[in-house]
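Trainee: Positions -7 to 281 (this note's numbering) are the ones given, in order, by the sequence shown.
Please see the structure below; I have some questions.
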Amino acid sequence: MNTGIFGNNLRDSEGYFRKKVEELLIKKGIRVLFSGEIHNGDLDVGKFASELDFVICIGGDGTLLNVARRVHRYQIPILGINLGSLGFLTNVERSDTENAVDRILKGEYLIETRMMLDGAVYREGRLIYQDTALNDIVIKNDINSKIIHIKAYYDNLLIDNYPGDGLIVCTPTGSTAYSLSCGGPIVEPVTGQITITPICPHILFARSFVTSGQRIIRAVIDENEDFECIVKFDDKETFKLRGRDEVIYKKSESCVKIIVIDQVNFFDVLRQKLYNRGEDLRRNERKKT
């Protein structure tokens, strides 16, 4: 069995834990084809893709988003080991690493398939940029404080015209991320739906809109051509937009495969990761006072 390891030195100082995992894998008879820091652009997954049975991601959910961008086109399963604070996607805790490796060797695991979104930017009818996201594709104004007017459509039917700070279009996986912070709904991962959530809309009754993953979503920057804003894919890749540009979103043919060692009820995860997280934060604040 062959694997590769992606670490995050911001979470794992000098890659200490990553090296311990590498030693563990070798001891278990698993070949480690590469081991390195996720931000190292020299790690070429494509060179090993045909040999890899799975890859290991050591860090938080943000690290896994980075890894997903590198491996989804090869359909290589990802085992996420959580060194972060939340761990929705990196579902194996540091202390359970050896057990997870043993379970993989025995074939005692599941593969969870997560939907992705394709986003394409058109200017004057011409495709100028495209990318894919696991969580969300976000139009926002990082350049100045002006309101953005965005017209949103599905299958050429107008949803609404949103004046505000931007627009989030997300997968079910992304529904527990930025969209949730902006008042969007939590969507079960298996549903394959697309959620459209306005960011700080300056109108009274703007709400998120959930639609089938089979729909084509279109967002038009309803501004003059000299207006500038950006579109971000999983908060990683950024492309500059201008007035009258269009962003077309659709369910991707690609997906991300995540290794799950113990199947846990989705709502148990929500209570553990979100509700209990809030309780912990409140408890820490009370201790300070």
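Heads up, the beta-carbon is just placed ideally off N, CA and C, and yes, glycines get one too.
All values derive from a computational prediction rather than experimental measurement.
1. Whose C-alpha, out of Val93, Asp227, Arg210, Asp237, is nearest the C-alpha of Ile70?
2. Would you call the stretch 125 to 143 and the stretch 15 to 34 touching, i.e. three or more CB-CB distances under 8 angstroms?
3. Could you check how far apart the C-beta atoms of Leu127 and Gly166 are, in whole angstroms? I think they sit under 8 angstroms.
4. Specify the secondary structure class of Glu29 as computed by DSSP and reduced to three states.
5. Note the first and the last residue of the continuous beta strand (DSSP E) segment covering Asp128.
6. If you draw a straight line from the C-alpha of Gly117 to the C-alpha of Ile142, how long is it?
7. How would you label Gly99, buried or exposed, when you count the other beta carbons within 10 angstroms and need 16 or more for buried?
8. Look at Thr(-5) and Ile48 and say whether their C-beta atoms are less than 8 angstroms apart.
9. Asn148 lies in the alpha helix (DSSP H); which residues open and close that run?
10. May I ask which residues mark the beginning and end of the alpha helix (DSSP H) holding Ile18?
11. Taking 8 angstroms as the threshold, find out whether the stretch 258 to 269 comes into contact with the stretch 235 to 242 through three or more Cβ pairs.
12. State the start and end residues of the unbroken alpha helix (DSSP H) segment that holds Asp110.
Mentor: Taking the structure as given:
1. Residue mapping note: residue 70 aligns to position 78 of the sequence shown, counting from 1. Ranking the options by Cα distance to Ile70, first place goes to Val93.
2. no
3. What you label residue 127 is simply residue 135 of the sequence shown in a count that begins at 1. What you label residue 166 is simply residue 174 of the sequence shown in a count that begins at 1. Before going on, a small fix: residue 127 reads as Asn here, not Leu. Correct: roughly 4 angstroms between the Cβ atoms.
4. The count along the sequence shown starts at 1 and reaches residue 29 at position 37. It is a strand residue.
5. On the sequence shown, position 136 is the one that residue 128 refers to. Residues 128 to 132.
6. Against the sequence shown, residue 117 aligns to sequence position 125. Against the sequence shown, residue 142 aligns to sequence position 150. Their Cα atoms are separated by approximately 17 angstroms.
7. As a working note, residue 99 is residue 107 in the sequence shown. Exposed, since its Cβ has fewer than 16 Cβ neighbours within 10 Å.
8. Within the sequence shown, numbered from 1, the residue matching residue -5 stands at position 3. Within the sequence shown, numbered from 1, the residue matching residue 48 stands at position 56. Their beta carbons are under 8 angstroms apart, which means Thr(-5) touches Ile48 by this criterion.
9. Translated into positions along the sequence shown, residue 148 becomes position 156. Neither: Asn148 is in no alpha helix (DSSP H) and is coded neither H nor E.
10. Reading the sequence shown from its first residue, position 26 is the one you call residue 18. It spans 8 to 19 - the alpha helix (DSSP H) in which Ile18 sits, taken as one unbroken run.
11. no
12. Position 118 of the sequence shown, counted from the first residue, corresponds to residue 110. Segment 102 to 115 is the beta strand (DSSP E) holding Asp110; no alpha helix (DSSP H) there.
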